[in-house]
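So the sequence lines, in the order shown, correspond to chains L and Z. Under this note's numbering, think of the first position of the first sequence as 1, with each following residue one higher. Under this note's numbering, think of the first position of the second sequence as 1001, with each following residue one higher.
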Amino acid sequence: MPLGNHNTAPKISLESLLLLKREEKPSKEFWDNFDRDLRQKTLQALVHQEPWYTCYWHFIRMNLYAVLSLSTAIIFALGLAIHHFGWFSFGDINNSIIAEVSISENILEVKPKSIDSTALSIAKNDPEKQSHAFFVIDIMPHKKTRNENFRKVMASQTFSLAPAYDHDLRFVSDPFNNKSHSSFHPTPTNFSYK
Amino acid sequence: MVQRVQSGDVAAFDQLILKYRERLYSIIYNLCSNREDAADLTQETFIKAFSSIKRFKGKASFYTWLYRIAVNSTLTYLKRNRMRHFFSFENINEEVSSSEIVEALSVKIKSEKAALMNELQEKLNEALQKLSDKHRTVVVLYEIEGLSHQDISNVMGCSVGTIRSRLHYAKQQLQAYLKDYLD
Chain L
1 MPLGNHNTAP
11 KISLESLLLL
21 KREEKPSKEF
31 WDNFDRDLRQ
41 KTLQALVHQE
51 PWYTCYWHFI
61 RMNLYAVLSL
71 STAIIFALGL
81 AIHHFGWFSF
91 GDINNSIIAE
101 VSISENILEV
111 KPKSIDSTAL
121 SIAKNDPEKQ
131 SHAFFVIDIM
141 PHKKTRNENF
151 RKVMASQTFS
161 LAPAYDHDLR
171 FVSDPFNNKS
181 HSSFHPTPTN
191 FSYK
Chain Z
1001 MVQRVQSGDV
1011 AAFDQLILKY
1021 RERLYSIIYN
1031 LCSNREDAAD
1041 LTQETFIKAF
1051 SSIKRFKGKA
1061 SFYTWLYRIA
1071 VNSTLTYLKR
1081 NRMRHFFSFE
1091 NINEEVSSSE
1101 IVEALSVKIK
1111 SEKAALMNEL
1121 QEKLNEALQK
1131 LSDKHRTVVV
1141 LYEIEGLSHQ
1151 DISNVMGCSV
1161 GTIRSRLHYA
1171 KQQLQAYLKD
1181 YLD
């Protein structure tokens, strides 16, 4: 019967129509195949041992939002802790600026050279000294006496030259060559460059 | 029987399969409207149940727990294969149909009756597929499988009020889709 010929069709209730779905039953042959396949799959499931991480994976899938929230919180807390305790200085890495410093009798000249992704803290165990410890990872001796060129790494445009440790006249060190160099300015002196 | 399976009796699980396979298959089939997929999903449900039956604590009835696995597996499958089986409906065996619809149709000549039945079946399947998965699940569990509101709320993990509301809305939608054929 064409679909448009609805007026001649007998009308029934929705519930009766839905009950018709109960009659959609498979044949005996279907169930025979079903049982055979299921038995095979069950045996495979019995033989196949799930790897140890499967239970954790199921747990993560079932609690996806909770796991994501917890992971985010842990990462955030770790980030705060690392930053707070100075385990790692993000600023040194992201904002380090290499400058060339020339020192003569009473003149200190700083020329920015480039941006670098490395930095080294001299007084890394003493937070008070860290503000003075953003610089000097390499020293290149100049031909003239008391006139040296410094390749400096700084976290900010303003820096201070001062002894890194009490009773220690050194304010620079050379971590690449394990050399120390005498201080030229025992008194802290602030410099800035443009 | 469940306790026997929990203690490792595989033969007891075979009895559980025999007891629940037809109803489980019917639920899944009416949700996905494809015979092969329904068979696979029913088998998958039994294997999942077998694998995790030691976690069944008996707080809810076993069939509720089993139905829940089946419904969740099917809804997950439908999400992944939304359009794949939209038109793959099965034809019912007319000889076994003995409901009110058959009586109503008996006033027509035989060939016309068969055509009308197929048309109605097709329209009903289309209308069911137009419902959202959650609304279709409620209709299948309540109207076709005859579960109570409380049982459906346990299976679907939501309140009885939500189930009633979904059922009301779903039937309204079906009435609208099938208005040319219904009282």
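Think of the CB as a built atom: it goes at the ideal place given N, C-alpha and C, for glycine as much as any other residue. Being a predicted model, the structure only gives us computed values, none of them experimental.
{"Check": "So Z:R1166 packs on Z:V1138, CB below 8 Å; how close in whole Å?", "Outcome": "4 Å"}
{"Check": "Are the CB atoms of Z:L1131 and Z:Q1173 nearer to each other than 7 Å?", "Outcome": "yes"}
{"Check": "Leaving out the 5 sequence neighbours to the left and right, which residues in its chain are closer than 7 Å to Z:Q1175 when beta-carbon positions are compared?", "Outcome": "L1182"}
{"Check": "Go ahead and pull the three-state DSSP assignment for Z:L1016.", "Outcome": "helix"}
{"Check": "Measuring only between beta-carbons, confirm whether L:F34 sits less than 7 Å from chain Z.", "Outcome": "yes"}
{"Check": "Express the C-alpha separation of Z:I1163 and Z:K1059 in angstroms, rounding to a whole number.", "Outcome": "21 Å"}
{"Check": "Could you check the C-alpha separation between L:I75 and Z:K1057 for me, to the nearest Å?", "Outcome": "36 Å"}
{"Check": "Under three-state DSSP, which class holds Z:L1147?", "Outcome": "coil"}
{"Check": "Quick check on the burial criterion: 16 or more other C-beta atoms within 10 angstroms. Buried or exposed for Z:N1081?", "Outcome": "exposed"}
{"Check": "Spell out whether any CB of chain L is found under 7 Å from the CB atom of Z:N1154.", "Outcome": "no"}
{"Check": "Return yes when at least one heavy atom of the ligand GDP lies under 6 Å from the C-beta of Z:D1180, else no.", "Outcome": "Absent from the structure shown: the ligand GDP. Ligands present: none."}
{"Check": "Do Z:Y1067 and Z:V1155 have their C-beta atoms closer together than 7 Å?", "Outcome": "yes"}
{"Check": "Where does Z:M1117 land, buried or exposed, given buried means 16+ other C-beta within 10 angstroms?", "Outcome": "buried"}
{"Check": "Whose CA, out of Z:K1048, Z:E1126 and Z:M1001, lies closest to the CA of Z:F1013?", "Outcome": "Z:M1001"}
{"Check": "Examine chain L for any beta-carbon lying closer than 7 Å to the beta-carbon of Z:I1047, and answer yes or no.", "Outcome": "yes"}
{"Check": "Tell me which residue opens and which closes the alpha helix (DSSP H) that Z:E1036 is part of.", "Outcome": "R1035 to S1051"}
{"Check": "Can you tell me the Cα-Cα spacing of L:L46 and L:L17, whole angstroms?", "Outcome": "42 Å"}
{"Check": "Could you check where the alpha helix (DSSP H) with L:D32 kicks off and where it finishes?", "Outcome": "K28 to V47"}
{"Check": "Between the Cα of Z:S1033 and the Cα atoms of Z:T1064, Z:E1044 and Z:D1133, which residue gives the shortest distance?", "Outcome": "Z:D1133"}
{"Check": "Check Z:L1131 in the structure and name its three-state DSSP category.", "Outcome": "coil"}
{"Check": "In the DSSP assignment, find the unbroken alpha helix (DSSP H) run with Z:R1004 in it and report its ends.", "Outcome": "V1002 to Q1006"}
{"Check": "Please confirm whether Z:I1144 and Z:N1030 have their CB atoms less than 7 Å apart.", "Outcome": "yes"}
{"Check": "Per DSSP, which one or two residues make a beta bridge with Z:L1120?", "Outcome": "DSSP, once it has assigned bridges, lists no residue as partnering Z:L1120."}
{"Check": "Spatial neighbours of Z:S1159 within its chain, please: CB distance less than 8 Å, with the 5 preceding and 5 following residues excluded, ordered by chain position.", "Outcome": "S1153"}
{"Check": "Please list the terminal residues of the continuous alpha helix (DSSP H) segment that includes Z:A1060.", "Outcome": "Looking at the DSSP string, Z:A1060 is not in any alpha helix (DSSP H), and its letter there is neither H nor E."}
{"Check": "Determine, using beta carbons only, whether Z:I1017 and Z:F1046 come nearer to each other than 7 Å.", "Outcome": "yes"}
{"Check": "Need the endpoints of the alpha helix (DSSP H) that Z:V1160 sits in, please.", "Outcome": "V1160 to Y1177"}
{"Check": "Round the Cβ separation of Z:L1128 and Z:Y1077 to the nearest angstrom and send it over; I've been treating them as touching at under 8 Å.", "Outcome": "That pair is no contact at about 16 Å."}
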